[in-house]
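K.L.:
Residue numbers (this note's numbering), protein chains in the order written: chain A, 1 to 145; chain B, 1001 to 1145. Idealized CB from N, CA, C, for every residue including glycine. Given the structure is predicted, the values throughout are model-derived calculations rather than measurements. For reference, the structure I am asking about is given below.
Number of protein chains: 2
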Amino acid sequence: MSYTIGQVAQKMGLTAHTLRYYDKEGLLPFVRKSGSGQRVFSEEDLDWLVIIDCLKGTGMQLKDIKQYIDWCQEGNSTLRQRLEMFKKQKSRVEQQMSQLQQYMEKINYKIAWYTEAVANNSIDKAKQNKCLAAERARIFGQPGK
Amino acid sequence: MSYTIGQVAQKMGLTAHTLRYYDKEGLLPFVRKSGSGQRVFSEEDLDWLVIIDCLKGTGMQLKDIKQYIDWCQEGNSTLRQRLEMFKKQKSRVEQQMSQLQQYMEKINYKIAWYTEAVANNSIDKAKQNKCLAAERARIFGQPGK
DNA sequence: ATAAACTCTAGAGTTAACTCTAAGTCAAGA
DNA sequence: TCTTGACTTAGAGTTAACTCTAGAGTTTAT
Chain A
1 MSYTIGQVAQ KMGLTAHTLR YYDKEGLLPF VRKSGSGQRV FSEEDLDWLV IIDCLKGTGM
61 QLKDIKQYID WCQEGNSTLR QRLEMFKKQK SRVEQQMSQL QQYMEKINYK IAWYTEAVAN
121 NSIDKAKQNK CLAAERARIF GQPGK
Chain B
1001 MSYTIGQVAQ KMGLTAHTLR YYDKEGLLPF VRKSGSGQRV FSEEDLDWLV IIDCLKGTGM
1061 QLKDIKQYID WCQEGNSTLR QRLEMFKKQK SRVEQQMSQL QQYMEKINYK IAWYTEAVAN
1121 NSIDKAKQNK CLAAERARIF GQPGK
């Protein structure tokens, strides 16, 4: 089974424009072209795109993704670099997860705070809530810093 | 206690340039200026910056953060909108977390794969590993799709 | 009191990642 | 066969978020 650029775009949640841009940037050297010059995506190409999406979605820049793709084209001599790259990316993702967790605490605090404020239709009442104040100190740091 | 723009920049891991840019964009209407025109950041201003950082770090655009800041300046009439905003942001963060989790599975698979490939110094050997193939099918989808 | 380090504004420049346009070619259905 | 929609390239334009420069003023430490 093979796919046109439009079908792949839809499957991956991108535009055909974006896919051509990636190709131009050297991220899709594996994609074949038909006799008339149209890109023909294979099942395997979709797997590549899933990995590209994964690296992009975890904050890697296109030029670094290209580095990885280039290593893949070079063969077995770059296996170590590729393994290292994924290990580095893993630790970045772990960082992102713990960062997101901290952001979530702040957001949850704000939701509790505004829920209280909306209930009283006033900011000042929420400010007097002892329970929220304790929560605030825990998440944002001491009041008298 | 109050802080100069440089001190705040260091505390927040930004540059003074960036803080001035945020100010220009209307994100810091609460920051006072000294008689000679220099910005003077209070303890409370740092809390604002922590929230701005939280919203930015969870993918909100500066113009939407400004919307929130504007609502805050408007007083009690916008409490509901602000609560809604944080609830929306919370669900975005939940999405991001589950997305990151899925990316992590793919990265872990790749690490396992490349670890095997490096051990054999060959891609082909890794391809024959049944255990990794099963893992691959689980994470990337069926082979014959 | 003076040098060094910091701050100010206005505005120009940069970067990454698209996003779109033009002008043409190709493929599938009536 | 014709039309409609999808595809092609080259290249220009856009957007968000900085990032930097110039030239002037301010603060701090000796």
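(1) Decide if Lys1145/B is buried, meaning its Cβ has at least 16 other Cβ atoms within 10 Å, or exposed.
(2) Jot down the residue ranges of each uninterrupted beta strand (DSSP E) in the region 35-121 of chain A, minimum 3 residues, whole runs only, in chain order.
(3) Would a check of beta-carbon distances place Phe86/A closer than 7 Å to chain B?
(4) With respect to the alpha helix (DSSP H) encompassing Thr1018/B, which residues constitute its N-terminal and C-terminal limits?
(5) Does the region 1055-1074 of chain B touch the region 89-103 of chain A, meaning 3 or more C-beta pairs lie closer than 8 Å?
(6) Taking the Cβ atom as the reference point for each residue, do Trp113/A and Ala134/A lie within a distance shorter than 7 Å?
(7) Can you list, in chain order, the residues of its chain with a C-beta nearer than 6 Å to that of Ser1077/B? Leave out the 5 residues immediately preceding and following it.
(8) Going by the CB atoms, is the gap between Arg1032/B and Lys1005/B shorter than 7 Å?
(9) Below 7 Å between beta carbons: does that hold for Trp1071/B and Arg1082/B?
(10) Under 6 Å from any heavy atom of the ligand COA, does the C-beta of Gly1057/B make it?
(11) Got a sec: is the Cβ-Cβ distance from Gln128/A to anything in chain B below 7 Å?
(12) Hey, is Thr58/A's beta-carbon within less than 7 Å of any beta-carbon in chain B?
(13) Just to make sure I have the definition right: I need the residues of chain A whose C-beta is within less than 7 Å of the C-beta of Asp1047/B. Which are they?
(14) Do we get a CB-CB distance below 7 Å when we pair Met12/A with the residues of chain B?
(15) Would you decide whether Cys54/A is buried or exposed? Buried here means 16 or more other CB atoms lie within 10 Å of its CB.
(16) Between the beta-carbon of Ile51/A and the beta-carbon of Phe1086/B, is there less than 7 Å?
(17) Mark Arg1138/B as exposed unless 16 or more other C-beta atoms lie within 10 angstroms of its C-beta, in which case mark it buried.
(18) Please identify, using Cβ separations under 8 Å, the residues of the region 103-127 of chain A that lie next to chain B, in order along the chain.
(19) For Arg32/A, write down the residues that DSSP places opposite it in a beta bridge.
(20) Give, in chain order, every residue of the region 1054-1080 of chain B whose Cβ lies closer than 7 Å to some Cβ of chain A.
(21) Applying the criterion that 16 or more other CB atoms from any shown protein chain within 10 Å of the CB defines a buried residue, is Glu43/A buried or exposed?
(22) Rounded to whole angstroms, what is the Cα-Cα separation between Ala16/A and Thr1115/B?
P.N.:
Taking the coordinates as given:
(1) For Lys1145/B, the predicted structure reports a pLDDT of 40, less than 50, and the residue's modelled location is therefore unreliable. The matter cannot be settled from this model.
(2) You should have 39-42.
(3) Phe86/A counts as touching chain B.
(4) Per DSSP, Thr1018/B belongs to the alpha helix (DSSP H) from 1016-1024.
(5) Of all C-beta pairs linking the region 89-103 of chain A to the region 1055-1074 of chain B, three or more are shorter than 8 Å, placing the two stretches in contact.
(6) No, the Cβ-Cβ distance between Trp113/A and Ala134/A is not below 7 Å.
(7) If you ignore the 5 residues before and after Ser1077/B, its C-beta comes within less than 6 Å of no other C-beta in its own chain.
(8) First, the amino acid is wrong: residue 1005/B is Ile here, not Lys. At the C-beta level, Ile1005/B and Arg1032/B stay beyond 7 Å of one another.
(9) Taking 7 Å as the cut-off, the Cβ atoms of Trp1071/B and Arg1082/B count as close.
(10) Ligands are entirely absent from the displayed structure, and the ligand COA is therefore not among its contents.
(11) Cβ-Cβ to chain B under 7 Å: no for Gln128/A.
(12) For Thr58/A, at least one C-beta of chain B is nearer than 7 Å to its own C-beta.
(13) Neighbours of Asp1047/B in chain A, taken as residues whose beta carbon is under 7 Å from its own, are Phe140 in chain order.
(14) Not an interface residue.
(15) Answer is buried; the Cβ neighbour count reaches 16.
(16) Taking 7 Å as the Cβ cut-off, Ile51/A and Phe1086/B do not qualify as a contacting pair.
(17) Exposed: under 16 other Cβ atoms inside 10 Å.
(18) Listed in sequence order: Tyr103, Met104, Lys106, Ile107, Asn108, Lys110, Ile111, Tyr114, Thr115, Ala117, Val118, Asn121, Ser122, Ile123.
(19) In the DSSP assignment, Arg32/A forms a beta bridge with Val40/A.
(20) Going along the region 1054-1080 of chain B in chain order, one finds Cys1054, Gly1057, Thr1058, Asn1076, Leu1079, Arg1080 with a Cβ nearer than 7 Å to chain A.
(21) Label assigned to Glu43/A: exposed.
(22) CA-CA distance, Ala16/A to Thr1115/B, rounds to 35 Å.
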